[in-house]
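Asks: Going by the numbering used here, the sequence shown opens with residue 233, and the numbers climb by one from there. My questions will all concern the structure given below.
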Amino acid sequence: MRRRPASNPARNLRPILDSVLDKNRSSFLESDPLEFVRNYTHPRDQEIASFTAACFALGRVDLIRKAVGTVLGVMGGSPYAFVRKSDPALLKGKFAGFVYRFFKAEDVAVLLFWIRQVLERHGSLERLFLEGYGEGDPDVGPALSRFVRTMLQMETRPVVRSLSPDSGLRAYLSDPESGSGCKRLSLFLRWVVRREDPDLGIWKSVSPAKLVMPLDTHVIRLGKRLGLTRRATPDWKMAREITESIRQFEPHDPVKYDFALCHAGMVQPCPTGQDKNECGKCVFGVCCNG
């Protein structure tokens, strides 16, 4: 039996989220690596830049932006041309010295080599995704599972003999069917599918209604406190439950509120209910279960 959403927060929560969006639209890209992606104008460059940038979207904002800027800087004015024309055996050397969290130069090189193989076999990342996408699916989960399984089966030579067991790519290309929250892949899908700013809307065949909320720290915390989820573990089930709760009042584009939840979580540290006077200063005070 399908699990029911945690609550119906539509009466009070929607106007608050809309207010956060309206007041902060000018700062949409200040904390989002999507700003780097928007430097490209051709959809085929934006697609590859988005998939690459989302890979590093974990950790502190300033460090994320530094990592994304470094990698896209090496790829130059056309990530598509860079991936298609670069010698796979030389890719690792182009990113020599790069280290970010679980990622090293060889991980970047393997990721770009896999993208190249997708382009050669399927034409684009979108076409590979659509091979597993069905209008009857409840969300993008089934297609995402097929997408990552296909990529992880691709050849790694001549970049490296095999993918390292501790490679950051294994965590990035996580499978929702294994229980992963798939935060960064959901973020990538938000960028390329949603039609409204600041997102790109370059994947026309995937419905924004099918997207699932990216689970970052702020979405997880507020999701619990606002009654959007009853789950304790930040997994795919939690991501779907939060999305389903928001879908009650925004069925066609539930992930539009990703930014509002993230931004509010960053600028309004939660007092964790220990000081109710502080709680009264929070925009979510009337909805909070804390």
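Built from N, CA and C at the ideal position, the CB exists for glycine as well.
How would you call Ser394, buried or exposed, if buried means at least 16 neighbouring beta carbons within 10 angstroms?
Replies: In the sequence shown, the residue the question calls residue 394 occupies position 162. With fewer than 16 Cβ atoms within 10 Å of its Cβ, Ser394 is classed as exposed.
Asks: State the CB to CB distance for the pair Gly411 and Leu447, rounded to an integer number of angstroms; the pair is presumed to be in contact (CB under 8 Å).
Replies: The sequence position of residue 411 within the sequence shown is 179, counting from 1. The sequence position of residue 447 within the sequence shown is 215, counting from 1. With a Cβ gap of about 12 Å, Gly411 and Leu447 do not count as contacting.
Asks: According to DSSP, is Val515 part of a helix, a strand, or is it coil?
Replies: Numbered from its first residue, the sequence shown carries residue 515 at position 283. Three-state DSSP puts Val515 in coil, outside helix and strand.
Asks: If you run the structure through DSSP and keep just helix, strand and coil, what is Tyr332?
Replies: What you label residue 332 is simply residue 100 of the sequence shown in a count that begins at 1. If DSSP states are grouped into helix, strand and coil, Tyr332 belongs with the strands.
Asks: Within 10 angstroms of its Cβ, does Asp277 collect 16 or more other Cβ (buried), or is it exposed?
Replies: On the sequence shown, residue 277 is found 45 positions in, with the first residue counted as 1. So Asp277 ends up on the buried side.
Asks: Spatial neighbours of Pro228 within its chain, please: C-beta separation below 6 Å, excluding the five flanking residues on both sides.
Replies: Within the shown structure, residues of the chain are numbered from 233 to 522, placing residue 228 beyond reach of any answer.
Asks: Does the beta-carbon of Glu338 have 16 or more other beta-carbons within 10 angstroms, so that it is buried, or is it exposed?
Replies: Your numbering for residue 338 matches position 106 in the sequence shown. That one is buried.
Asks: Under 7 Å Cβ to Cβ from Leu421, same chain only, skipping five residues before and after it: list those, please.
Replies: Here the question's residue 421 lines up with position 189 in the sequence shown. Same-chain partners within the cutoff: Val372 and Leu443.
Asks: Does any C-beta atom of chain D lie closer than 8 Å to the C-beta of His495?
Replies: In the structure shown, chain D does not exist; there is a single protein chain.
Asks: Just tell me which of Tyr272, Leu266 and Arg270 has its CA closest to the CA of Ala286.
Replies: Position 54 of the sequence shown holds residue 286. Cα-wise, what sits closest to Ala286 is Leu266.
Asks: Decide if the segment 361 to 380 is in contact with the segment 289 to 305; the criterion is three or more beta carbon pairs, one per stretch, under 8 Å apart.
Replies: Too few Cβ pairs lie closer than 8 Å, so no.
Asks: Quick check on the burial criterion: 16 or more other C-beta atoms within 10 angstroms. Buried or exposed for Arg257?
Replies: One-based indexing of the sequence shown puts residue 257 at position 25. The residue is exposed, with fewer than 16 neighbouring Cβ atoms inside 10 Å.
Asks: Check whether the segment 423 to 430 touches the segment 309 to 319, counting contact only when three or more Cβ pairs, one atom from each stretch, lie closer than 8 Å.
Replies: No, the segment 423 to 430 is not in contact with the segment 309 to 319.
Asks: Cys287 lies in the alpha helix (DSSP H); which residues open and close that run?
Replies: The residue given as residue 287 occupies position 55 in the sequence shown. Cys287 -> alpha helix (DSSP H) spans Pro275 to Cys287.
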